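Asker: Before I ask anything, let me first share the structure, which is written out below as structure tokens.
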Amino acid sequence: MNRKITIEPVTKIEGHGKVTVFLDDKGEVSDAHFHVTEFRGFEKFCEGRMFWDMPVITTRICGICPVSHHLASAKACDDLLGIEIPPAAKKLRELMHMGQFIHSHSLHFFFLAAPDFVMGYNSDPLKRSVIGILEKDPDLARKAIKLRKIGQTIIDKVGGRPIHPVTAIPGGMSKPLSHEDRFNLKNMTKDAIALSSLSVEIAEKILESAPISDLGDIKTAHMGLVKNGNLELYDGRLRMIDENGKIMEEFNTGDYLDYIGEHVEDYSWLKFPFYKKKGWPGGVYRVAPISRLNVADRISTPLASAKMKSITDRRPLQANMYYHYARTIELLYAAERAFELLSDDEIVSRDVRVRVDRKEGGSEGIGVIEAPRGTLIHHYWTEDSKISKVNIIVATAHNNKAMDLSVAGVANAYIHKGAVNEGILNKIEMAIRCYDPCLSCSTHAIGKMPLKVDIVSRDGTILKQMRKD
Amino acid sequence: MGKIKVATGILQGCFGCHIAILDLHEELLDILSSMEIVRSPINDVKDVPEVDVGLLDGSVSNMDNENVAKIFREKSEKIVAFGTCACLGGVPGLRNLFDLQSVLNRGYIETESTVDGKIPSSDEIPKLLPYVKALHQVIDVDYKLPGCPPTPQRIKEFFVSLLNGREPVLPKKNLCHECLRQHKEMYVPKREFITDSVHSITELEHIDETLCFLEQGVLCMGPATREGCDSRCIKGNTPCRGCMGPTDDAMEQGAKMINALATILPAGGLMFLEDVVGVGYRYSMPVSIIPHVMEGK
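So the protein lines, in turn, are chains A and B. According to the working numbering, the first sequence is numbered sequentially starting from 773. According to the working numbering, the second sequence is numbered sequentially starting from 4.
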């Protein structure tokens, strides 16, 4: 009898995502689906808006990484106007972006992932949160809060607000950075480098001690921005490598449609991007921390570069467990890069924008950036300055199929002949969490992640229910 | 006094309101000493315990959202519409300008990167409602805390009110009241109008950091918008876009804005306003009469 197992890591009360594992006649895993249950329709309702409002409308796609949408959108607007923004504006935008990486990566690592490791996988779920860490290791918890606060403060001072920033406008930035803010941020960023280094050390220990083979590891191609071969988060060209680490493509972001297609499945509101030349589903690839470290030849900042070298011989990194380590290396890079930018006197230049006219007639612009969760693409068409069409590929989408494959991989290890090992609940949760999917991450922040497994026969009868509260 | 029990949930939103709670940073720890978050957003429906306060952020856009809202109502002594999406529908409410089929067609068939598209239809994913709704259009709401997202300071004040058994109160005046920008001409009685057209800030030679945006010829939603956001966008040298929603005395935020503009623009000036709907109603479409007008039925 074919059976279907439904796992709802984000149960109905939330309704944003759940997992179904399919068993074949022999009770072995045949497939797994990670369902994204959320759809808002930005690609339609942005039609008719003025292009200069897009950087403050599209931030509302995500409250965790609004800076990514803000900047990708501003870049798309610059592109459709055909203008170059002043160097100081570029630096301010990149600085805002580094603030976001510090906030988002530390949120994920300390608030979501670390509780599992610090408190133990099988500890009381109520304690398995940053609140639990606070009781067990208050010093560490306060450091985590401090690090994330530094990130949000950078965004606030450069972007005008920590959540849904406003200062990146077509043509540059709406305001320069004050000398006072620069001085304060620079001091804070020194602390951020120290705290990020600590994060890397913790992640190293996790990597050394954790069993890394049973998290649904898969081998895929990878994609990410590079600039002259360096790890790059704000600008650059897109590079794709195959599963053995060989470069398949390196292209200008404006040509993304030649390389990236999106597949639609019935079971998810989130589409499935793929590498066009290999088609669907052969063209599956991944993005985000391990992918970025895989595609880049090197990192430009000293401390992060040294850490990257320690894993160079293991590339291309494929195991999901590397996500945490890679994420902390990026965290360190972001802190170092923020310090570099703040040390540059041009960061307080008053020359932060060029005046731009309306755009009569038709135009088109593309903005691409590395969001904390991977490559983000904004593509706008305008008619007399009004948006006529919008295409957006969000970061989590690129990993959509990989999450299915990872869940199937985990399920394979825990389900045989129809017998389901209870340990599967934890591992599926951890496998999904490696990808840090945007849709669920902040909800874990002050709580736990219960799972529900229904084992259902094809006629809909529930054969068994498992849950982890 | 025992700790008050709080459950928080997210309907359809961007999670920014929950991040705003975390942005209390160390102060959150103080609040948690007198408040217990017994249920985070991701708990199983059946487990929602009776709580003193249920905090819901996000708009109601699919059938799951509706169910969750109703369950929260049943279990909570007081329900808080937390953030602008819950209070007014928010940015996702702009979807109400279009019929659902055209929104789905764009997302899953017409988009340029989509290959062999189709509209997802599995029972595993919740069905979308034809229109996005604000929370009070689905369940009774006791308190509203607008803002996209509300500032951490305002969230703290709100929690402190609850902890002390006080009714939380919202600021009543419009944003111009707390905005620190100067006015040179607006309040001086004279015959000439202040500006002769409406610009985007990107068109200005110089964006004055101290002068009222309306006096610079830029549409700023301040006059039609509730204060209480610390005028963050304006301090960021960009005009207000109205995320706090209208004040209590204004039913329609967009109409209120047009009304305000009529006093400072020349007779024909309003014709320069582009995308009046997308600016005036960016955060409040589901609670305005506009979509029903467009429906024409």
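Beta carbons are placed, not taken as given, at the ideal position from N, Cα and C, and that holds for glycine. Since we're looking at a predicted model, the values are computed, not measured.
Considering only residues of the same chain and omitting the five flanking positions on each side of residue 15 of chain B, which have a CB-CB separation below 8 Å?
Answerer: Within the second sequence, numbered from 1, the residue matching residue 15 of chain B stands at position 12. Hits under 8 Å: 61, 62, 63, 64, 65, 68, 88, 95 and 135.
Asker: Just how far apart, CA to CA, sit residue 201 of chain B and residue 276 of chain B?
Answerer: As a position in the second sequence, residue 201 of chain B is number 198, starting the count at 1. As a position in the second sequence, residue 276 of chain B is number 273, starting the count at 1. When rounded, the distance between both Cα atoms is 6 Å.
Asker: Does the separation of the CB atoms of residue 857 of chain A and residue 1126 of chain A fall below 8 Å?
Answerer: Against the first sequence, residue 857 of chain A aligns to sequence position 85. Against the first sequence, residue 1126 of chain A aligns to sequence position 354. Yes, these two residues count as a Cβ contact at 8 Å.
Asker: According to DSSP, simplified to helix, strand and coil, what is residue 183 of chain B?
Answerer: Position 180 of the second sequence, counted from the first residue, corresponds to residue 183 of chain B. Residue 183 of chain B: coil per DSSP, three-state reduction.
Asker: Contact between the region 856-875 of chain A and the region 828-842 of chain A: three or more CB pairs below 8 Å?
Answerer: Flag = yes, the region 856-875 of chain A and the region 828-842 of chain A touch.
Asker: For residue 834 of chain A, go through chain B and note every residue whose CB falls closer than 9 Å to its CB, in chain order.
Answerer: On the first sequence, residue 834 of chain A is found 62 positions in, with the first residue counted as 1. Neighbours of residue 834 of chain A on chain B, chain order: 17, 18 and 19.
Asker: Give the range of the beta strand (DSSP E) segment to which residue 10 of chain B is assigned.
Answerer: Numbered from its first residue, the second sequence carries residue 10 of chain B at position 7. Looking at the DSSP string, the run of the beta strand (DSSP E) that includes residue 10 of chain B is 7-13.
Asker: Output the boundary residues of the alpha helix (DSSP H) element that contains residue 164 of chain B.
Answerer: By 1-based counting over the second sequence, the position of residue 164 of chain B is 161. Taken as a continuous stretch (DSSP letters only), the alpha helix (DSSP H) holding residue 164 of chain B covers 155-166.
Asker: At a Cβ cut of 9 Å, what residues of the region 1019-1041 of chain A count as close to chain B, listed as they run along the chain?
Answerer: Against chain B - using a Cβ distance shorter than 9 Å - the residues of the region 1019-1041 of chain A are 1028, 1029, 1032, 1033, 1034, 1035, 1036, 1037, 1038, 1039, 1040 and 1041.
Asker: Provide the residue span of the alpha helix (DSSP H) that contains residue 1110 of chain A, from first to last.
Answerer: Translated into positions along the first sequence, residue 1110 of chain A becomes position 338. It spans 1094-1115 - the alpha helix (DSSP H) in which residue 1110 of chain A sits, taken as one unbroken run.
Asker: Any C-beta of chain A within less than 7 Å: which residues of the region 232-265 of chain B qualify?
Answerer: Flagged, chain order: 235, 236, 238, 239, 240, 241 and 244.
Asker: With a threshold of 7 Å on Cβ separation, who are the neighbours of residue 1232 of chain A within its own chain once the five nearest residues in sequence on each side are excluded?
Answerer: Residue 1232 of chain A sits at position 460 when you count from the first residue of the first sequence. For residue 1232 of chain A, the predicted model reports a pLDDT of 49, less than 50, meaning its position is unreliable; a value from the coordinates is still stated below. Contacts found: none.
Asker: So residue 1011 of chain A and residue 996 of chain A are in contact, right, with Cβ under 8 Å, and what is the actual spacing, rounded?
Answerer: Numbered from its first residue, the first sequence carries residue 1011 of chain A at position 239. Numbered from its first residue, the first sequence carries residue 996 of chain A at position 224. Between residue 996 of chain A and residue 1011 of chain A the Cβ distance is about 7 Å, and since that is below 8 Å, they are a contact.
Asker: Under a three-way DSSP split, which group does residue 1219 of chain A fall into?
Answerer: As a position in the first sequence, residue 1219 of chain A is number 447, starting the count at 1. The predicted position of residue 1219 of chain A is uncertain, since its pLDDT is 35 and thus under 50; no value can be drawn from it.
Asker: By the three-class DSSP mapping on this structure, what secondary structure does residue 995 of chain A have?
Answerer: Numbered from its first residue, the first sequence carries residue 995 of chain A at position 223. Three-state DSSP puts residue 995 of chain A in a strand.
Asker: With three or more C-beta pairs closer than 8 Å as the rule, is the region 901-916 of chain A touching the region 1034-1047 of chain A?
Answerer: They do not touch, by the three-pair rule.
Asker: Have a look at residue 1169 of chain A and residue 118 of chain B and give me their C-alpha separation to the nearest angstrom.
Answerer: Walking along the first sequence from the start, residue 1169 of chain A turns up at place 397. Walking along the second sequence from the start, residue 118 of chain B turns up at place 115. When rounded, the distance between both Cα atoms is 15 Å.
Asker: Which class does residue 1037 of chain A belong to by DSSP, given the choice of helix, strand or coil?
Answerer: Looking up residue 1037 of chain A in the first sequence gives position 265. Reduced to three states, the DSSP call for residue 1037 of chain A is coil.
Asker: Taking only beta-carbon positions, decide if residue 838 of chain A is within less than 8 Å of chain B.
Answerer: In the first sequence, the residue the question calls residue 838 of chain A occupies position 66. Interface residue, yes.
Asker: State whether the region 799-806 of chain A contacts the region 821-832 of chain A, with contact taken as three or more CB pairs (one from each stretch) at a distance under 8 Å.
Answerer: These segments do not touch.
Asker: Measuring only between beta-carbons, confirm whether residue 281 of chain B sits less than 8 Å from chain A.
Answerer: The residue given as residue 281 of chain B occupies position 278 in the second sequence. Output row for residue 281 of chain B: interface = yes.
Asker: Exposed or buried, what is residue 22 of chain B when buried is set at 16 or more other beta-carbons lying within 10 Å of its beta-carbon?
Answerer: Position 19 of the second sequence, counting from 1, holds the residue named residue 22 of chain B. It is buried - the Cβ of residue 22 of chain B has at least 16 other Cβ atoms within 10 Å.
Asker: What is the C-beta distance between residue 919 of chain A and residue 964 of chain A, in whole angstroms, given that I count them as a contact (C-beta under 8 Å)?
Answerer: Within the first sequence, numbered from 1, the residue matching residue 919 of chain A stands at position 147. Within the first sequence, numbered from 1, the residue matching residue 964 of chain A stands at position 192. Confirmed, about 6 Å.
Asker: I'd like to know if residue 807 of chain A contacts chain B, where contact means its C-beta is closer than 8 Å to some C-beta of that chain.
Answerer: As a first step, residue 807 of chain A is located in the first sequence; it is residue number 35 there, counting from the start. So yes, residue 807 of chain A belongs to the interface.
Asker: Run through DSSP, which three-state label would residue 1045 of chain A get?
Answerer: If you number the first sequence from 1, residue 1045 of chain A lands on position 273. Reduced to three states, the DSSP call for residue 1045 of chain A is strand.
Asker: Output the distance between the C-alpha atoms of residue 278 of chain B and residue 242 of chain B, rounded to the nearest integer angstrom.
Answerer: Taking the first residue of the second sequence as 1, we reach residue 278 of chain B at position 275. Taking the first residue of the second sequence as 1, we reach residue 242 of chain B at position 239. Between residue 278 of chain B and residue 242 of chain B, the C-alpha separation is close to 15 Å.
Asker: Per DSSP, what are the beta-bridge partners of residue 807 of chain A in this structure?
Answerer: If you number the first sequence from 1, residue 807 of chain A lands on position 35. A:790, per the DSSP bridge assignment.
Asker: Tell me which residues share the same chain as residue 998 of chain A and place their Cβ nearer than 7 Å to its Cβ, disregarding the 5 neighbours each side in the sequence.
Answerer: The residue given as residue 998 of chain A occupies position 226 in the first sequence. Counting only Cβ-Cβ distances below 7 Å, and skipping sequence neighbours, we find 1004, 1008, 1009, 1011, 1067 and 1068.
Asker: What are the start and end residues of each continuous alpha helix (DSSP H) run of 4 or more residues lying completely inside the region 67-122 of chain B, in chain order?
Answerer: With a minimum length of 4 residues, the continuous alpha helix (DSSP H) runs that stay inside the region 67-122 of chain B are 87-91 and 103-108.
Asker: For residue 1133 of chain A, count neighbouring Cβ atoms within 10 angstroms of its own Cβ and tell me buried if that reaches 16, exposed if not.
Answerer: On the first sequence, position 361 is the one that residue 1133 of chain A refers to. Flag for residue 1133 of chain A reads exposed.
Asker: Between the C-alpha atoms of residue 173 of chain B and residue 291 of chain B, what's the straight-line distance to the nearest angstrom?
Answerer: Looking up residue 173 of chain B in the second sequence gives position 170. Looking up residue 291 of chain B in the second sequence gives position 288. Those two C-alpha atoms are separated by around 21 Å.
Asker: By the 9 Å beta-carbon criterion, what residues does the region 89-103 of chain B contribute toward chain A?
Answerer: Under the 9 Å Cβ criterion, the region 89-103 of chain B contributes 93, 94, 95, 96, 97, 98, 99, 100, 101 and 103.
Asker: Apart from the five residues on each side of it in sequence, which residues of its chain come closer than 6 Å, Cβ to Cβ, to residue 1207 of chain A?
Answerer: By 1-based counting over the first sequence, the position of residue 1207 of chain A is 435. Only 1171 and 1175 meet the Cβ criterion.
Asker: Take residue 1140 of chain A and list the residues in its own chain whose beta-carbon comes closer than 6 Å to its own, dropping the five residues that flank it on each side.
Answerer: The residue given as residue 1140 of chain A occupies position 368 in the first sequence. Cβ neighbours of residue 1140 of chain A beyond the five flanking positions: 1025 and 1149.
Asker: Determine the burial state of residue 923 of chain A: buried for a count of at least 16 other Cβ atoms within 10 Å of its Cβ, exposed for fewer.
Answerer: Mapped onto the first sequence, residue 923 of chain A falls at position 151. Buried, since its Cβ has 16 or more Cβ neighbours within 10 Å.
Asker: Write down the C-beta distance between residue 1189 of chain A and residue 915 of chain A rounded to the nearest angstrom, noting that I regard them as a contact closer than 8 Å.
Answerer: Here residue 1189 of chain A corresponds to residue number 417 of the first sequence, with the count starting at 1. Here residue 915 of chain A corresponds to residue number 143 of the first sequence, with the count starting at 1. Incorrect: roughly 47 Å between the Cβ atoms, too far for contact.
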